[in-house]
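J.:
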Amino acid sequence: MAQETPPSIGRVPPRGAGAAPAGRTLLDDTAIGRALTRIAHEILERNEDVSQLYLVAIPNGGVPLARRLAGSLRQIADVEVPVGVLDTTLYRDDLKMTGERPLLRHTEMPSAVDERVVVLVDDVVKTGRTIRAAMDALMDFGRPRMVQVVGLVDRGHRELPIKLDYVGKNVPTSPRETVCLRGRDGDLEGPLEVALLPADPRGEA
Amino acid sequence: MIGRDLLGIEDLERSDIERILQTAIHMREVGEREVKKVPTLRGRTIVNLFFESSTRTRASFEIAGKRLSADVVNFSPSSSSLKKAESILDTARTLDAMDPDAVIVRHEVSGVPKAIADVLDAPVINAGDGAHEHPTQALLDLFTVQQEKGRIDGLTVTIVGDILHSRVARSNIYGFLKMGAEVRVAAPPPMIPPAIEELGVKAYTSLREALDGADVVMALRIQNERLAGSYFPSVREYAATFGLDRSKLHYAKEDAIVMHPGPVNRGVELSHDLADHRPSVILDQVRNGVAIRMAVLYLFAGRKREDGQRRRTS
Amino acid sequence: MSRILLRGGRLLDPASGRDERGDLLLEDGEVKAAGSGIAASGAQVIEATGCWVVPGFVDLHCHLREPGQEYKEDIASGGRAAVAGGFTSIACMANTHPVNDDPAMTDYILDRARQDSPARVLPIAAATRGLEGKVMTEMAALVAAGAVAFSDDGKTIMDGGVMRRVLQYSRLVEAPVIVHCEDRTLVGDGVVNEGPVSTRLGLPGNPAVAEEVQIARDLLLAEATGAHLHVAHVSTAGGVSMIRRARERGISVTAEVTPHHLTLTDAVALGFDTNCKVAPPLRGDADRKACRQGLADGTLDAIATDHAPHAVHEKDLEFTLAPPGMIGFETALAVVLELVRDGELTPLELVRRLSTNPARILKRNAGSLAPGSPGDVTVLDPERRWTYDPAKGFSKSRNSPWAGQSLTGRVLLTFVAGKLVYDVERGVVAP
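If you're matching them up, the sequences are chains A, B and C in order. The first sequence runs contiguously to residue 205 in the numbering used here. The second sequence runs contiguously to residue 519 in the numbering used here. The third sequence runs contiguously to residue 950 in the numbering used here.
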């Protein structure tokens, strides 16, 4: 699920809610799988020493993606890359001083970060602020040797000089539209899809 | 949506409590990192306005604020050169002019945090007022039980001690009832508040009956000065009738846990043995206290009244 | 103008039992005539249709704070607030600084009142010197100076032996001894009624039994001494029932109740508003109902305001530190009219408890519209709606739980000694 947008927009009700899911599917589960396989190859290509890799997922969407990437790396190169989960909510630069505070998410970092090549994994990258927050959080955990970034969908509209090392798909969008990763059946553990939702008439994205 | 101030558990919905406990889980994880600091409240000012002194609670709030990168300022009018003539509200108004993002108030008289909240723009967090409420203590107690037992619904919680003068008791009564537990209080008769059962608890003057089947036993501190002859004859008799030790604990469930807000009068409310060993979870309470206070600061600090709308026109 | 005709109002005269439309003529400081169709050539005519025309209210219990605490009230401002509330005579308690326990002080109060108060001021002198509860005051000298009763109100005479002697001695001057019944050792540091509200608030409680114990003691002492006892501000169900039984036994006792104890309960203190802090405290619902019942059946003879001003900075303190008390002159009528609206008292019976009975207890020639009575008359509109803003009132203080509230029932005109002293349109019109 996109973190660039405030929680009230872009939150998709679970399938069981009765209504058909809104939006247009940009990538279905198969397309996502192919993109991840390609990215796994690219990661291996760019990083000679695979023993130093550490996949760090940005919740919620980054988590199933990072797990699948770890699976692909295991399959292709027979290597066990650890997967950590790093919530960036406490590092956001947009903590509104009025209104409700965003919900916090899970953080679990099984390995130390020092000297590792950390590969951040996020589902949708737009302004780049989440990645910046993730790097700040990462630095509080230690000193990685290098940080690379995987974005399943790059929709542009950067507000910070953040580049992606590995991109699943470039999708041109209007800034007010919403792009999100979600479970096809409402559960991120099952088949996934990337959806494009129209601009919310209520407010800015 | 959680309100602007945290004045007491009585004003909270169950969903508010759950939100705070949920947030505390994540805050506890921060406390387990090497670098126990996140930048969330960087640049925010938190004021500890403690009219009644307290090293433990104040330190807990201070650590919590610092872990969130806030600037924490301690203001202790009881110990400063404040003239006796300066009223509480004058002090609060002066503070308000410095534009704090949260003011944490402790006072020995009930109702002061509310009076201060009525004149401030900044959110007020009650760190204990008289015998009225101590919400962050109850929240950390709820959190501790939830972590230990996996749930609160359906548990039996027995609170033992000077209920009459205890804000910890009142806040915990509200908290545990809202979260679905059954709550009992046990004390010598003069220390059972009038009409306490109207709050939804059962009052006992027999410790044995109060402990029967309890999952959680919470012992409250007895203030020795109050004992001196008037509400209760002697420390010795209190310890014999209401003090907890391993043998009395047998009346409770086998896996019952023992709690205490601290500091413990060893040999009075708890035996020496119980004070320092399982099943007492006192140190977990302290640890959880920082996480809860971080959660509270995260959820409340900086959420001021919108510009131009002063809280109270006096 | 020494002739004033109040025309077409509802005359309510408890002394004669009269409740009828009619006119009232004031002349040369007295009630000249009251009835229908009074001819009065040359008189100033005031139309009173739709209004009640009643004997001016007599307050058995108020605090004017002069001498010593004039920053929160004085005899002038208190007197003005009183007439704005329809009170033409007010009996003020002795707990001033210094205490009114000496004829010179009583003189002083009467002198100040003559100069500056539109209402008649009746000084209540202390029962014991300095209100210390040990040595009785010179009751004969004080009565000669103008004291109408004796009371240590503000404090309590804790020593039973002293109380007995005070009651015995009071028989010499045949003046009532007014008692503030609160056993201090039972009150402890209580600041709200002991009960579910004090438990919720976490504030020390003041139990009903603290009042009941002393009412019991004082009733028995009154019986033993044959003195006349008047119980101030009764607030408890137990107190009311003991007074009722005492009356049945023939004990010489009268009692009063305040507007706030008739209409508010301790629940109003749940927001920690110090304007709800009063002594005796607001009690629970059962006590309130018992007080209303007691007023209706005559157990409680009179309504008295216990008007107790305190400055804003004094009430703006922690609940345990704020002094107890609320002002009450200007809201009393609207508040107690609730009992008429609820059908518990007829208008005539209400006026009896505001005017005729208090006058009788203090042995004043007041509380009556009979020809020859002093021209102390109040004209009021029981239906008039208004919003009470204490800042616009005549008292120097503002400590009222009704601040900002919409009230029904208001005094329109107040006459003392046949002269207009208050007019709701113009305010206080005489010194």
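Ideal placement from N, C-alpha and C gives every residue a C-beta, glycine not left out. Source: prediction; values computed, not measured.
1. Can you tell me whether DSSP reads residue 441/B as helix, strand or coil?
2. Output yes if chain A places a C-beta closer than 9 angstroms to the C-beta of residue 273/B; else output no.
3. Considering just the uninterrupted stretch of the beta strand (DSSP E) at residue 928/C, what are its terminal residues?
4. What residues from the segment 306-330 of chain B come within 9 angstroms of chain C, judged by C-beta to C-beta, listed N to C?
5. Have a look at the DSSP bridge pairing and note the partners of residue 821/C.
6. Go through the segment 615-651 of chain C residue by residue and report every complete run of the beta strand (DSSP E) that reaches 3 residues or more, in order.
7. Run the CB neighbour count on residue 518/B, radius 10 Å, all protein chains shown included, and call it buried at 16 or more, exposed below.
8. Please classify residue 482/B: is it buried, with 16 or more other beta-carbons within 10 angstroms of its beta-carbon, or exposed?
9. Where does the unbroken alpha helix (DSSP H) through residue 884/C begin, and where does it stop?
10. Kindly indicate which residue of 898/C, 629/C, 700/C has the alpha-carbon position closest to the one of residue 757/C.
11. Check whether the Cβ atoms of residue 369/B and residue 340/B lie closer than 9 angstroms to each other.
12. Is the Cβ-Cβ distance between residue 597/C and residue 828/C less than 9 angstroms?
13. Assign residue 493/B to one of two classes, buried (16 or more other C-beta atoms within 10 Å of its C-beta) or exposed (fewer than that).
14. Using the DSSP secondary-structure output, state which residues sit across from residue 523/C in a beta bridge.
15. To the nearest angstrom, how far is it from the Cα of residue 944/C to the Cα of residue 929/C?
16. Strictly by DSSP, which residues pair up with residue 169/A?
17. Helix, strand or coil for residue 590/C? Go by DSSP, reduced to three states.
18. For a contact meaning CB atoms closer than 9 angstroms, what does residue 94/A contact in chain B?
19. Compare the C-beta of residue 232/B against all C-beta atoms of chain A and say whether one is closer than 9 angstroms.
20. What in chain B is Cβ-close to residue 718/C, meaning under 7 angstroms?
21. Using a Cβ-Cβ cut-off of 9 angstroms, state whether residue 137/A counts as contacting chain B.
22. Which residue wins for smallest C-alpha separation from residue 681/C, given the options 652/C, 659/C, 670/C?
23. Quick check: what's the CA-CA separation for residue 748/C versus residue 221/B?
24. Whole alpha helix (DSSP H) runs in the segment 272-350 of chain B with 4 or more residues, listed along the chain?
25. Taking 6 angstroms as the limit between beta carbons, can you name the residues of its chain near residue 287/B, skipping five residues before and five after?
26. Starting from the C-beta of residue 692/C, find all residues in its chain whose C-beta is less than 6 angstroms away, skip the five residues before and the five after it, and write them out in chain order.
27. State whether the segment 809-822 of chain C contacts the segment 759-771 of chain C, with contact taken as three or more CB pairs (one from each stretch) at a distance under 8 angstroms.
28. Which residue comes first and which comes last in the beta strand (DSSP E) that contains residue 903/C?
29. Using 8 angstroms for Cβ pairs, my map puts residue 55/A next to residue 79/A. What's the rounded Cβ distance?
30. Looking at chain B, which residues of the segment 131-160 of chain A have a Cβ within less than 8 angstroms of any of its Cβ atoms?
31. Does any residue of chain B have a CB that is nearer than 9 angstroms to the CB of residue 54/A?
32. Measure the beta-carbon distance from residue 579/C to residue 729/C and round it to whole angstroms, keeping in mind my assumption that it falls under 8 angstroms.
33. Is the shortest distance between the beta-carbon of residue 214/B and the beta-carbons of chain C less than 9 angstroms?
34. So with Cβ pairs under 9 angstroms, would you call residue 260/B a contact of chain A?
35. Return the residue from the list 656/C, 752/C, 838/C, 798/C that minimises the CA-CA distance to residue 697/C.
36. Excluding sequence positions up to five away, which residues of its chain have a Cβ less than 7 angstroms from the Cβ of residue 842/C?
T.: Reading off the structure:
1. helix
2. Under the Cβ criterion of 9 angstroms, residue 273/B is counted among the residues facing chain A.
3. 925-935
4. So the list reads 312, 313, 314, 315, 316, 317, 319, 320, given in the order they occur along the chain.
5. 775/C
6. 639-644
7. Annotation note: pLDDT 38 at residue 518/B (below 50); position unreliable, coordinate value reported separately. Exposed.
8. exposed
9. First-last for residue 884/C: undefined, no H or E at that position.
10. Cα-wise, what sits closest to residue 757/C is 700/C.
11. Not in contact: residue 369/B and residue 340/B (Cβ atoms no closer than 9 angstroms).
12. yes
13. buried
14. 545/C, 563/C
15. 12 angstroms
16. 153/A
17. Reduced to three states, the DSSP call for residue 590/C is coil.
18. Correct list: empty, because the minimum Cβ distance to chain B is about 11 angstroms.
19. yes
20. 398, 399, 400, 401
21. yes
22. 652/C
23. 56 angstroms
24. 293-301, 317-324
25. Low confidence applies here, because residue 287/B scores a pLDDT of 41, under 50, leaving its location unreliable and the question unanswered by this model.
26. Cβ within range, chain order: 658, 659, 662.
27. yes
28. 896-906
29. No, residue 55/A and residue 79/A are not in contact; Cβ-Cβ is about 11 angstroms, not under 8 angstroms.
30. 136, 137, 140, 141, 142
31. no
32. At roughly 22 angstroms, the Cβ-Cβ gap does not stay under 8 angstroms, so residue 579/C and residue 729/C are not in contact.
33. no
34. no
35. Checked all of 656/C, 752/C, 838/C, 798/C; the closest Cα to residue 697/C is 752/C.
36. 829, 833
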